[in-house]
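Written out below as structure tokens is the structure these notes cover.
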Amino acid sequence: IVSSSGLSYTDAAAEFGGATWGEVLLEPTRLYTAPLLRLIAQSGGGVHSLSHVTGGGIAANLARVLPAGTWVDVDRATWTPPTVFQTLAARGDIPLSDTEGTWNLGIGFVAVVAADRAADAASALTAEGIATWQVGVVSDGPRPAGDYVEGAKGVDGGAVRLVGSFAEGAQ
608 IVSSSGLSYT
618 DAAAEFGGAT
628 WGEVLLEPTR
638 LYTAPLLRLI
648 AQSGGGVHSL
658 SHVTGGGIAA
668 NLARVLPAGT
678 WVDVDRATWT
688 PPTVFQTLAA
698 RGDIPLSDTE
708 GTWNLGIGFV
718 AVVAADRAAD
728 AASALTAEGI
738 ATWQVGVVSD
748 GPRPAGDYVE
758 GAKGVDGGAV
768 RLVGSFAEGA
778 Q
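Its first residue numbered 608, the sequence shown is counted upward by one per residue in my numbering.
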């Protein structure tokens, strides 16, 4: 996207406060291991699964850690994708929704937590400096009609779809 839109990795981008494309795209990933291990230890069994959202996007990664027969509607309105994803999509003339199967769009990890422990888990992660919010609710039984991602990478897990519109006008 950078090269096909006539940019260079050394070009400063106003969208990023003057940082270069290279600096923004090479920003080190957040490491979640230690805070998540502490969360698991403190949760008393409240953490059911964790999904590291990498290549494949949010739905495919989350579907793999859900039990078969369960489903989640991930509500796009619960977050705004970071500027870097919005800018790359715009520069590539790609609707942001078309990137959902590839990019994490700012969700590095999803913790599937018992409903009665969700507030405590969010507080613990927030205290660790990790932004948290509820993206959806795991349900079982019949699911609504729609395009769900399931069976990703050969794993017979749950089903996930993204619904609604992103917060703050992200396209």
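Note that CB positions come from ideal geometry on N, CA and C, so glycine has one too.
From a predicted model like this one, the values you see are computed outputs, not experimental measurements.
Within the region 668-720, the complete alpha helix (DSSP H) runs of at least 4 residues fall at 690-698. Here alanine 728 is near leucine 646, since their CB atoms are less than 9 Å apart.
Spatial neighbours of valine 762 in its own chain (CB-CB distance under 6 Å, excluding positions within 5 residues in sequence) are listed in chain order as Arg671. For arginine 768, the three-state secondary structure derived from DSSP is strand. When DSSP states are grouped into helix, strand and coil, threonine 640 belongs to the helix group. With fewer than 16 other CB atoms across the displayed protein chains lying within 10 angstroms of its CB, glutamine 649 is exposed. Valine 631 sits in a helix when the DSSP states are folded into three classes. The bridge partners DSSP lists for histidine 659 are Phe716. Nearest Cα to glycine 653 within the set Leu669, Gln693, Ala721: Ala721.
Note that the C-beta distance between arginine 637 and glycine 715 is below 9 Å. The secondary-structure analysis by DSSP pairs valine 756 across a beta bridge with Val767. With 16 or more other Cβ atoms inside 10 Å of its own Cβ, isoleucine 665 counts as buried.
Around the C-beta of glutamine 693, 16 or more other C-beta atoms lie within 10 Å, and the residue is accordingly described as buried. Here proline 688 really is in contact with phenylalanine 773; their C-beta atoms are around 6 Å apart, less than 8 Å.
Each residue's CA atom was taken as its position, placing glycine 736 and threonine 661 some 21 Å apart.
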